[in-house]
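**Student:** Let me begin by handing over the structure; questions about it come next.
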Amino acid sequence: MKLILASNNKDKLREFKEILEPLGFDIRSQREEGINIEAEETGETFFENSAIKAQAVYDIAHCPVIADDSGLEVDYLGGEPGVYSARYGGEDVDDIGRCYLVLDRLKGVPDEKRTARFVAVISYIDENGKLSQFKGTIEGRIGYDRRGEHGFGYDPIFMVGDRSTAEISPEEKNKISHRGKALMQLKEFLEMK
Ligand code: IMP
């Protein structure tokens, strides 16, 4: 089954392909389908933004579309960066800078108050335009430095046990991650259709 991923994020595309292609899905990026848009994320929740992204591509493609809105919630920061994870600190800050921004804001904060989670909401719009959504989370803690070379975004500072999600292999991350869990729900949903 062909699914268009409504995203221009190459790291998300890689993870979607790693997780869904062994299950028999043919994942195409919106770019591969000639759809060069970037929907404005005007929502206040992962659910809203995920639906906005999927809908924008469905309105052009009129065939099954998936989208992911995801981010990091840090309890000590009242849930920040949350839906602003990709833009935290402003447009000029890159992934490394955003990691240091979170680390700076948690300076002196003890281990037990460094709890955090990754959240992903996957939207699926079927060929008739019907929306379904699936949420996955993974609990962890913010570390004290950047660690590991895998992954992307906040992976180097997100600790699960004594390793960051940038220190574990992509296969291991996909089994336990927010995105992996949401995509397993999508898979079960599609199998029941
Ligand atoms: P958006 O869903 O495009 O708004 O962006 C989500 C942002 O959250 C990414 O740019 C990353 O900064 C962060 N993020 C989401 N998922 C992950 C992950 O699996 N690892 C690390 N960072 C993530």
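Read in order, the letters of the sequence shown are residues 37 to 229 in my numbering.
From the three backbone atoms N, C-alpha and C, an ideal C-beta is built for every residue, glycine too.
Source: prediction; values computed, not measured.
#1: Pick out every residue whose C-beta is nearer than 5 Å to a heavy atom of the ligand IMP: which are they, in chain order?
#2: What is the DSSP secondary structure of GLU208, reduced to helix, strand or coil?
#3: Any chance the stretch 124-131 sits against the stretch 147-161, with 3 or more Cβ pairs inside 8 Å?
#4: Determine the closest residue to GLY176 out of SER106, ILE212, LEU167, ILE73, with distance taken between C-alpha atoms.
#5: Give the DSSP-derived three-state secondary structure of LYS143 in the structure shown.
#6: Taking GLY9 as the reference, give the member of PHE61, GLU208, LEU137 with the closest Cα.
#7: Return helix, strand or coil for GLU68, following the three-state DSSP convention.
#8: Please name the residue or residues paired with ARG153 in a DSSP beta bridge.
#9: So, is PRO117 buried or exposed, given that buried needs 16 or more other C-beta atoms within 10 angstroms?
**Tutor:** Short version:
#1: ASP105, SER106, GLY107, SER121, ALA122, GLY189, TYR190, ASP191
#2: helix
#3: no
#4: ILE212
#5: coil
#6: Here the chain has residues from 37 to 229 only, and residue 9 is not among them.
#7: coil
#8: GLU109, GLU175
#9: buried
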